[in-house]
Amino acid sequence: MKEIRVGVLGYGLMGKVHSHAYRVIPVIYDDHALNFTLELACLCGRSREAVSKRAASFGFKSYETDWRAMVDRDDIDVFDNCGPDSVHVEPTIRAAESGKHVVCEKPLALTTDDAYRMLEAVKKAGVKHLCGFHLRFLPAIQLARRLLDKGALGRVLHVRAAFLEDPVANTDLFARHRPGPPVSGTIGDLGSHAIDLLRFLIGEPEAVAALTRDVVQSEEVSIDDVFVAIVAFKNGVIGTLEASKFAIGRRSSLELQIYGEKGSMMFDLASLNYLRVHMAESGPQDLDIEGTRHINVTDPTHPYAKYWWGAGHGLGWGDAFVNELFHFVSCVVDGTDISPLGATFEDGYKAVVITDALARSARSRKEVSITY
C-alpha cells in the first residue's frame with residue numbers, strides 16, 4: 005500500500021479545511037478498499053509560535069516557517085498551497101519543479117500571466133495538479149452534471165448564477181481595502197467559483213460584459229465588492245452572473261439556475277444537499293417524473309453518498325473537500341486523470357482568464373471576448 009506524504013502551506017481557514025480533509029479521508033472511504041495511506045508530513049507558516057501550535061492540533065509530524073524549506077524536503081509527495089492569494093505562484097511552481105504533485109487553492113493566481121506560468125510548470129514537470137474548486141465535489145453538483153450529460157433538460161437555453169455573501173460573513177472585508185499584499189476582489193474570490201461551475205456544467209464562455217462597484221471607498225486600494233455580468237457561451241447558451249460581499253442577510257448563498265427546453269434545475273449552496281429538478285415531460289429512466297422533484301442527494305445511488313452517513317443524512321460544506329482531495333490522491337496513486345471531474349491548473353488558468361475579462365469589461369464598459 006502506497007504512502008502519500010502531504011505538506012500544506014498555510015494554517016488559516018483553507019489550511020485548516022484541507023488538513024482536516026486529509027485526516028478524514030481514511031475514515032469516510034474505508035469501505036472503498038483504499039490503496040494508499042496518508043501522512044501529514046509538514047505544515048508551513050511564517051509565525052513559529054502559531055505554526056507549531058497548529059501543526060500539533062492539525063496532526064502534522066513537523067512544521068517549517070519558510071516555504072522553501074518545506075518544498076525542498078524529500079519526505080513530501082504532495083504540496084498543497086493554502087496560503088494567501090499573493091503566495092500561490094512561486095511556491096507551487098518550485099514544488100512542481102522538484103517533482104511534487106501540487107494542489108493550489110483558487111484563484112490559481114492574480115494575473116493571467118502568472119496562472120499560465122503555473123500551468124506550464126506542471127505540464128513540464130509531469131506532475132498531477134489540482135485547483136481548489138471544491139464545489140464540483142458536492143453530490144448535488146455531480147448529480148446535476150449527470151442529468152445534463154443524459155440530456156434530461158434537453159437543449160440548455162439560459163442560466164443564472166449568483167454568489168452572494170453578507171458582510172458579516174467577511175471578517176476581512178474592510179482589511180482588503182487597506183494597503184498590503186495583493187488580494188482578489190469579489191470577481192476572483194466568489195465569481196471564480198460560479199465561473200468554474202458554469203464551465204463544469206454548461207461549457208466554455210465566449211464573451212462577457214460586466215459592471216462592478218467598490219462599496220468600500222478607499223483612496224489607496226480599489227477592489228470590486230459587487231459585480232454583475234452577462235455571459236455568452238460557445239454552445240449558444242446565454243446567462244447572467246453576479247457576486248456580492250454586501251448582500252445583507254445572505255451568509256453564503258451560491259444559486260445556480262439552469263433552464264432547458266424540457267426542464268430546469270436549481271441549486272443553492274445554502275441547501276447544499278438538495279437539487280430541485282422540474283421536468284416538463286418524463287425524463288430519463290432514473291428521473292421518470294413530470295413536475296418538480298426536490299431531490300435530497302444522499303441516497304446510495306447518488307454521487308459519493310454511499311461513502312458517507314446514509315440516506316437522509318446530509319453533508320456539509322467542508323465535506324466537499326474530502327471528496328475532492330480523495331479524488332486527487334487516488335489519481336496520484338493510480339496514475340489516472342484529475343479531469344474532467346476535478347479542476348486542474350488548466351481549469352484554474354481559464355478561470356483567471358475569465359475573471360480578468362470580466363474586470364476589463366467593467367473598466368471599458370464593453371463586451372470582452374474570451375481567448376485562452
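With the first letter of the sequence shown counted as 1, position 356 gets the number 360 in this note's numbering; the numbers rise by one all the way through. Ideal Cβ placement from N, Cα and C applies to all residues, glycine included.
**OP:** Starting from the Cα of G63, find the closest Cα among R27, A361, E210 and give me that residue.
**Re:** Walking along the sequence shown from the start, residue 63 turns up at place 59. That would be R27, whose Cα lies nearest to the Cα of G63.
Subject >> Own chain partners of G352 with C-beta closer than 6 Å, once the 5 adjacent residues on each side are dropped >> reply: In the sequence shown, residue 352 corresponds to position 348, counting from 1. Close CB contacts of G352 within its chain, under the 6 Å cut and outside five residues either way in sequence, are with L112, C135 (chain order).
Original post:
How many whole angstroms separate the CB atoms of V326 and F40, which I take to be in contact at a CB cut-off of 8 Å?
Top reply: In the sequence shown, counting from the first residue as 1, residue 326 sits at position 322. In the sequence shown, counting from the first residue as 1, residue 40 sits at position 36. Wrong, their Cβ atoms sit about 15 Å apart, outside the cutoff.
Original post:
Which whole-angstrom value is the C-beta distance of D76 and G11, which I expect to be below 8 Å?
Top reply: As a position in the sequence shown, residue 76 is number 72, starting the count at 1. As a position in the sequence shown, residue 11 is number 7, starting the count at 1. About 11 Å separates the two Cβ atoms, so there is no contact after all.
Original post:
How about F349 and V126: do their beta carbons lie closer than 7 Å?
Top reply: In the sequence shown, counting from the first residue as 1, residue 349 sits at position 345. In the sequence shown, counting from the first residue as 1, residue 126 sits at position 122. Yes, these two residues count as a Cβ contact at 7 Å.
**OP:** Given a cut-off of 7 Å, decide if E265 and G155 are closer than it, judged by their beta-carbon atoms.
**Re:** On the sequence shown, residue 155 is found 151 positions in, with the first residue counted as 1. On the sequence shown, residue 265 is found 261 positions in, with the first residue counted as 1. Between G155 and E265, the C-beta gap is not smaller than 7 Å, which leaves the two residues out of contact.
**OP:** Count the C-beta pairs between the region 145-155 and the region 300-310 that are closer than 8 Å, then say yes if the count reaches three, no if not.
**Re:** Yes, the region 145-155 is in contact with the region 300-310.
Original post:
Within 10 angstroms of its Cβ, does Y376 collect 16 or more other Cβ (buried), or is it exposed?
Top reply: On the sequence shown, residue 376 is found 372 positions in, with the first residue counted as 1. Residue burial is scored here from C-beta neighbours: Y376 has fewer than 16 other C-beta atoms within 10 angstroms and is therefore classed as exposed.
Subject >> Selection from I199, W71, G207 that minimises the alpha carbon distance to T359 >> reply: Position 355 of the sequence shown, counted from the first residue, corresponds to residue 359. When only C-alpha atoms are compared, the closest one is I199.
Original post:
Looking at C-alpha atoms only, which residue of T296, T190, V357, A233 is the closest neighbour of A251?
Top reply: Mapped onto the sequence shown, residue 251 falls at position 247. The shortest C-alpha to C-alpha distance from A251 to any of T296, T190, V357, A233 is the one to T190.
Original post:
Is the beta carbon of E169 sitting closer than 7 Å to the one on K249?
Top reply: Locating residue 169 in the sequence shown gives position 165, where the first residue counts as 1. Locating residue 249 in the sequence shown gives position 245, where the first residue counts as 1. Yes, the pair counts as a contact, with Cβ atoms nearer than the cut-off.
**OP:** Give the DSSP-derived three-state secondary structure of P88 in the structure shown.
**Re:** Here residue 88 is taken as the residue at index 84 of the sequence shown, counted from 1. Coil, per DSSP.
**OP:** For the alpha helix (DSSP H) containing F64, list its first residue and its last residue.
**Re:** Position 60 of the sequence shown holds residue 64. Per DSSP, F64 belongs to no alpha helix (DSSP H) and is neither H nor E.
**OP:** May I have the straight-line CA-CA distance separating A99 from F330, to the nearest angstrom?
**Re:** Position 95 of the sequence shown, counted from the first residue, corresponds to residue 99. Position 326 of the sequence shown, counted from the first residue, corresponds to residue 330. CA-CA distance, A99 to F330, rounds to 20 Å.
Original post:
R50 to G19, Cα distance in whole Å?
Top reply: Numbered from 1 along the sequence shown, position 46 holds the residue referred to as residue 50. Numbered from 1 along the sequence shown, position 15 holds the residue referred to as residue 19. Rounded to the nearest angstrom, the two C-alpha atoms are 13 Å apart.
**OP:** Let me know if H181 comes out buried or exposed under the rule of 16 or more other beta-carbons within 10 Å of its beta-carbon.
**Re:** In the sequence shown, residue 181 corresponds to position 177, counting from 1. Below a pLDDT of 50, predicted positions are generally treated as unreliable, and H181, at 49, falls in that range; the measurement from the model is reported next regardless. Under this definition H181 is a buried residue.
Original post:
Helix or strand or just coil, what does DSSP make of T359?
Top reply: Taking the first residue of the sequence shown as 1, we reach residue 359 at position 355. Residue state, collapsed to three classes: helix.
Original post:
Taking L114 as the reference, which of E94, L44, E210 has the closest Cα?
Top reply: Position 110 of the sequence shown, counting from 1, holds the residue named residue 114. When the alpha-carbon of L114 is set against those of E94, L44, E210, the nearest one is in E94.
Subject >> Beta-carbon spacing of I242, H317 below 7 Å >> reply: Numbered from 1 along the sequence shown, position 238 holds the residue referred to as residue 242. Numbered from 1 along the sequence shown, position 313 holds the residue referred to as residue 317. Using a Cβ distance threshold of 7 Å, I242 and H317 do not count as a contacting pair.
**OP:** Below 7 Å CB to CB, which residues in the same chain sit around Y15 once its five sequence neighbours on both sides are set aside?
**Re:** Here residue 15 is taken as the residue at index 11 of the sequence shown, counted from 1. Same-chain partners within the cutoff: L47, G49, A54, V55, R58.
Original post:
Is M74 near I97, with beta carbons less than 7 Å apart?
Top reply: Residue 74 sits at position 70 when you count from the first residue of the sequence shown. Residue 97 sits at position 93 when you count from the first residue of the sequence shown. No, Cβ-Cβ distance for M74 and I97 is not below 7 Å.
Original post:
Going by DSSP, which residues form a beta bridge with A165?
Top reply: As a first step, residue 165 is located in the sequence shown; it is residue number 161 there, counting from the start. Per DSSP, L245, L260.
**OP:** Counting only the same chain and skipping the five closest in sequence on each side, list residues whose C-beta sits under 8 Å from that of S373.
**Re:** What you label residue 373 is simply residue 369 of the sequence shown in a count that begins at 1. Excluding residues within five positions, the ones whose Cβ falls inside 8 Å are E210, A211, A361.
Original post:
So what's L319 in DSSP terms, helix, strand or just coil?
Top reply: Counting from 1 along the sequence shown, the entry for residue 319 is found at position 315. Coil at L319, not helix or strand.
**OP:** Alpha carbon to alpha carbon, how far is D70 from G103? Give it in angstroms, no decimals.
**Re:** One-based indexing of the sequence shown puts residue 103 at position 99. One-based indexing of the sequence shown puts residue 70 at position 66. For the pair G103 and D70, the Cα-to-Cα distance works out to about 19 Å.
Subject >> Residue nearest to L139 in terms of C-alpha spacing, selected from Y67, D34, L258 >> reply: If you number the sequence shown from 1, residue 139 lands on position 135. Of the candidates Y67, D34, L258, L258 places its Cα closest to the Cα of L139.
Subject >> Cut-off 6 Å between Cβ atoms - residues of its own chain near V232, not counting five sequence neighbours on either side >> reply: In the sequence shown, counting from the first residue as 1, residue 232 sits at position 228. So the list reads L215, E246, once near-sequence residues are dropped.
Original post:
For R217 versus V230, is the C-beta spacing smaller than 7 Å?
Top reply: Translated into the one-based positions of the sequence shown, residue 217 becomes position 213. Translated into the one-based positions of the sequence shown, residue 230 becomes position 226. Yes.
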